[in-house]
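Inspection log for the structure reproduced underneath, given as structure tokens.
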Amino acid sequence: MAGVNKVILVGNLGKDPEVRHLEGGVSVAHFTLATNEYYKDKQGNRVERTEWHNISAWRGLADMADKFLKKGQQVYIEGKLRTRQYQDKDQQTRYITEIIADEISMLGGRPQGPGNTPEVAGAVAEPQHTFRQEPELDQLPF
Numbered sequence: 015m016a017g018v019n020k021v022i023l024v025g026n027l028g029k030d031p032e033v034r035h036l037e038g039g040v041s042v043a044h045f046t047l048a049t050n051e052y053y054k055d056k057q058g059n060r061v062e063r064t065e066w067h068n069i070s071a072w073r074g075l076a077d078m079a080d081k082f083l084k085k086g087q088q089v090y091i092e093g094k095l096r097t098r099q100y101q102d103k104d105q106q107t108r109y110i111t112e113i114i115a116d117e118i119s120m121l122g123g124r125p126q127g128p129g130n131t132p133e134v135a136g137a138v139a140e141p142q143h144t145f146r147q148e149p150e151l152d153q154l155p156f
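Numbering-wise, the sequence shown is residues 15 to 156 according to my numbering.
Below is the structure:
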């Protein structure tokens with residue numbers, strides 16, 4: 015039986031996506047996502063813990079992220095966990111764990127204007143938009 019590698023996150027973008035265009039016209043977007051957890055400590059004080067996640071989106075999802083996602087925006091992300099290694103500038107082997115996005119849904123509308131406030135009083139939030147990464151032909155189960 016095959017294993018399951020699935021991640022579901024709802025959080026806020028820590029920065030605008032950084033998009034690169036690779037050989038063959040393939041795009042990749044990288045950004046961070048903050049998720050918050052709240053609990054009470056032994057003294058009964060409310061404590062907030064923020065976890066930061068590295069997100070990578072490829073091809074059409076990268077183009078969508080570049081066009082629509084902004085720092086501070088709340089999003090739903092579905093994807094898979096991947097750990098990769100690379101050599102840093104001192105030739106030390108480093109490891110990074112990231113979420114490879116398969117689906118991104120924008121929640122609560124896009125930040126607008128300075129300080130992420132609507133520029134027009136009474137502006138209506140954008141409807142939710144969902145984007146999915148289409149599987150590559152060699153990833154299909156048949």
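The C-beta atom is built at its ideal place from N, Cα and C for all residues, glycine as well.
None of the values given here were measured: they were computed from a predicted structure.
1) Taking Cβ to Cβ, would you say L36 is nearer than 8 Å to V89?
2) Counting pairs of beta carbons, one from the segment 37-46 and one from the segment 64-75, are three or more of them closer than 8 Å?
3) With a CB to CB cut of under 7 Å and the five nearest residues on each side skipped, what residues in its chain are close to R60?
4) Exposed or buried, which one is A16 when buried takes at least 16 other CB atoms within 10 Å?
5) On a Cα-Cα basis, can you pick out the residue from R63, G38, M78, G58 that is closest to A115?
6) Within 10 angstroms of the Cβ of I91, are there 16 or more other Cβ atoms? Answer buried if so, exposed if not.
7) Where does I118 land, buried or exposed, given buried means 16+ other C-beta within 10 angstroms?
8) In three-state DSSP terms, what is M78?
9) Note the first and the last residue of the continuous beta strand (DSSP E) segment covering V42.
10) Assuming D116 is part of the beta strand (DSSP E), what are its boundary residues?
11) Counting only the same chain and skipping the five closest in sequence on each side, list residues whose C-beta sits under 6 Å from that of K85.
12) With hydrogens ignored, establish whether the beta-carbon of I69 is closer than 7 Å to any heavy atom of the ligand SAH.
According to the data block:
1) no
2) Contact check between the segment 37-46 and the segment 64-75: three or more CB pairs, one atom from each, fall below 8 Å, which counts as touching.
3) Y52, K54
4) exposed
5) When each option's Cα is compared against that of A115, the closest is M78.
6) buried
7) With 16 or more Cβ atoms within 10 Å of its Cβ, I118 is classed as buried.
8) helix
9) 41-54
10) 107-121
11) L27, K29, D30
12) Looking at this structure, you won't find the ligand SAH or any other ligand, since it has none at all.
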